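See structure below.
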Amino acid sequence: GLQYHDNINRWHTCPNSGPINASNPCSEYMFIDNSACNLASLNLMKFRKDDGTFDVESFKRAVRIFIIAQEILVDNGSYPEELITLNSHLLMLS
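Residue numbers (this note's numbering): 167 to 260.
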């Protein structure tokens, strides 16, 4: 992805690991080179109850299932380089 290099690196959460050189196409994931974007998402509106409140228990169950599924997928995934395989276990849920 395209980025403003100086701004992105000013916001870098791990600057000692080296500069951020690029992002994934949607720019949701900006991290070190040779790492993988393992992003899953949930539609929060699906957890809205009829009375308008948020179904916390259903959401917690869904998060647990999604993280387990991501762990299984990442552990069994294949990556183009060994370094990416080693750096691939950062999981994200949005």
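Even for Gly, the Cβ is constructed at its ideal location relative to N, Cα and C. Just so we're clear, the structure is a prediction, and the values are computed from it rather than from any experiment.
Where does residue i land, buried or exposed, given buried means 16+ other C-beta within 10 angstroms?
i              : result
isoleucine 186 : buried
methionine 211 : exposed
methionine 196 : buried
Going by DSSP, what residues sit across from residue i in a beta bridge?
i              : result
methionine 258 : Leu205
arginine 214   : Phe220
Need the endpoints of the alpha helix (DSSP H) that residue i sits in, please.
i             : result
serine 193    : Premise fails: serine 193 is in no alpha helix (DSSP H) and is neither H nor E.
threonine 179 : Per DSSP, threonine 179 belongs to no alpha helix (DSSP H) and is neither H nor E.
glutamate 248 : 248–252
For residue i, verify whether its CB is less than 7 Å away from any heavy atom of the ligand NAP.
i           : result
proline 246 : Ligands in the displayed structure: none, and consequently the ligand NAP is not present.
Q: Determine, using beta-carbon pairs with one atom in the segment 239–251 and one in the segment 198–209, whether at least three such pairs fall under 8 Å.
A: yes
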